[in-house]
Amino acid sequence: MTDEIAALEAQLGVMEPPQLKIDTLNTLAWKLRHEQPERAKQLSQEASELSTLAPFETKPYYQGLADSRRTLGWLCLQEAAYDRALSYLQEALFFYEETSNPRYQAEILSVIGQTYYNLGDYAGALEYNLSALRLYQAQDGQGWAGEAQSLRDIGLVYFISGDAHRALDYLRQGLLIYREHHHREGEASILDRMGTVYRNLDNYSDALTCGIKSLHLYRQLYHTSGEAEALGNLGA
């Protein structure tokens, strides 16, 4: 257990104002979502319930409701329960809109887009990823990481939809942002995807160039799974 998680656990045992307790429950749930998903689910459900009880009976605590839905949606995604995930994520989006929180709105829009992608609904995936992209771009440079990720996701949607040239356009834009911010893992990931698109276009020279650059970056980062994927694509 990390010091941060231990501190959050201790904080839950102390009498607190309701809003602080809800925030602590949601923060702890999000921290535990990988290693203790069942506990994360229980904490999120408790936070959600408290967000509509006194003193929030007449006006719910929207931030608490939004954060709990975000975690519950994420947990459903890990179980491939996409319909339930979409339900939670759509609720989270509504509540974040009520709190005027564009950062989290963009994040949820992006995750909804990825969920539609997993369901094979590429029109839905494109719609939500484009909406996320617009919100990230409106954050005066603060949303650059989300912007680059959205550009990558949009590129993948166009590629699987059969529009390889438009896919490359979005992937290149994402690549430029990752390079500008020296984000080597993001750069490696996009280069790997670009290699796949070039190969689909029978442009084997550019496919090889992108694949080798991606492989070198993953090796510099000691990113074994990325390296394995890059090697697999180079040998495809």
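Mapping of the sequence shown onto this note's numbering: residues 24 to 259, in sequence order. Where a beta carbon is used, it is the ideal one built from N, C-alpha and C, also for glycine.
Alpha helix (DSSP H) segments (min. 4 residues) lying fully within the segment 124 to 163:
125 to 141, 145 to 160
Can we say the segment 65 to 81 touches the segment 38 to 49, given the rule of at least three CB pairs closer than 8 Å?
yes
Identify, in the order they occur along the chain, each residue of the same chain with its Cβ nearer than 6 Å to the Cβ of ALA148, setting aside the five sequence neighbours on each side.
What you label residue 148 is simply residue 125 of the sequence shown in a count that begins at 1. Closer than 6 Å at the Cβ level, and outside the excluded window around ALA148, lie GLY136, TYR139, TYR140, VAL180.
Leaving out the 5 sequence neighbours to the left and right, which residues in its chain are closer than 7 Å to TYR241 when beta-carbon positions are compared?
Within the sequence shown, numbered from 1, the residue matching residue 241 stands at position 218. Around TYR241, the same chain offers ALA211, GLY249, GLU250, ALA253 as residues with beta carbons nearer than 7 Å, after the five sequence neighbours per side are excluded.
Beta-carbon proximity list for ASP90, same chain, < 6 Å, skipping 5 on both sides:
Your numbering for residue 90 matches position 67 in the sequence shown. Excluding sequence neighbours, ASP90 sits near ASN49.
If I'm right that LEU73 touches GLY87 with Cβ under 8 Å, what's the distance once you round it to whole angstroms?
Locating residue 73 in the sequence shown gives position 50, where the first residue counts as 1. Locating residue 87 in the sequence shown gives position 64, where the first residue counts as 1. Confirmed, Cβ separation roughly 7 Å.
Under 9 Å between the Cβ atoms of THR122 and TYR145?
To locate residue 122, count along the sequence shown from 1; it is residue 99. To locate residue 145, count along the sequence shown from 1; it is residue 122. No, the pair does not count as a contact, with Cβ atoms beyond the cut-off.
8 Å contact criterion, which SER154 and LEU132 should meet: CB distance rounded
Translated into positions along the sequence shown, residue 154 becomes position 131. Translated into positions along the sequence shown, residue 132 becomes position 109. Between LEU132 and SER154 the Cβ distance is about 5 Å, and since that is below 8 Å, they are a contact.
Rank GLN113, ARG107, LEU199 by C-alpha distance to the C-alpha of TRP167 and give the top, closest one.
Translated into positions along the sequence shown, residue 167 becomes position 144. Comparing Cα positions, the closest option is LEU199.
Quick one: what's got a C-beta closer than 8 Å to LEU257's C-beta in the same chain, skipping five residues either side?
Here residue 257 refers to the residue found at position 234 when the sequence shown is read from its first residue. Same-chain partners within the cutoff: GLY218, LEU231, GLY234, ILE235, LEU238.
In chain order, what residues of the same chain have a beta carbon less than 8 Å from the beta carbon of LEU35, not counting five sequence neighbours either side?
On the sequence shown, position 12 is the one that residue 35 refers to. Cβ within range, chain order: LYS44, THR47, LEU48, LEU51.
For LYS64, which residues in the same chain have their Cβ closer than 7 Å to its Cβ, ignoring the five residues on either side in sequence?
Here residue 64 corresponds to residue number 41 of the sequence shown, with the count starting at 1. Excluding positions up to five away in sequence, the list reads LEU95, LEU98.
State yes or no: is the C-beta of ILE177 within less than 9 Å of the C-beta of ASN152?
The residue given as residue 177 occupies position 154 in the sequence shown. The residue given as residue 152 occupies position 129 in the sequence shown. Closer than 9 Å, so yes.
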